[in-house]
Amino acid sequence: NDRVHAELLRLAQDGRHDGAEIAISPAPTHADIASRVATHREAVTKELSRLTREGILRKEKGTLVITDLPRLQELVAGALGDLPDIV
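Going from the sequence shown to the numbering used here is simple: count from 1 and add 90.
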């Protein structure tokens with residue numbers, strides 16, 4: 091899960107900032123994310139669903155939107171330590 095969170099932050103660096111949200115377009119497939127972080131697609135699907143339920147992400151029209159970047163950064167920082175600023 092920590093690797094999925096970190097990959098989302100990496101993708102956010104190239105995303106389109108729209109106010110407090112960051113749009114990643116086109117949205118990567120779950121299989122693409124899984125291959126980048128050396129896990130199974132099912133694990134990515136489960137984690138993205140959890141992040142969506144918690145209001146950190148949403149998906150719309152082929153775009154993955156990070157709706158709560160500070161919370162995502164906290165998840166990664168808790169696992170990895172200090173992070174560079176994205177915004």
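Where a beta carbon is used, it is the ideal one built from N, C-alpha and C, also for glycine. The structure displayed is predicted, hence computed values, not measured ones.
query	result
Pairwise C-alpha distance: HIS120 and GLU132	8 Å
ARG148 classed as buried or exposed, judged by whether at least 16 other C-beta atoms fall within 10 angstroms	exposed
Distance between beta carbons of ALA102 and THR153, contact taken as under 8 Å	With a Cβ gap of about 12 Å, THR153 and ALA102 do not count as contacting.
For GLU137, the nearest candidate out of HIS107, LEU165 and ARG106 (CA to CA)	LEU165
Strand pairing of VAL185, partner residues [DSSP]	Only positions 91 to 177 of the chain appear in this structure, which leaves residue 185 out of reach.
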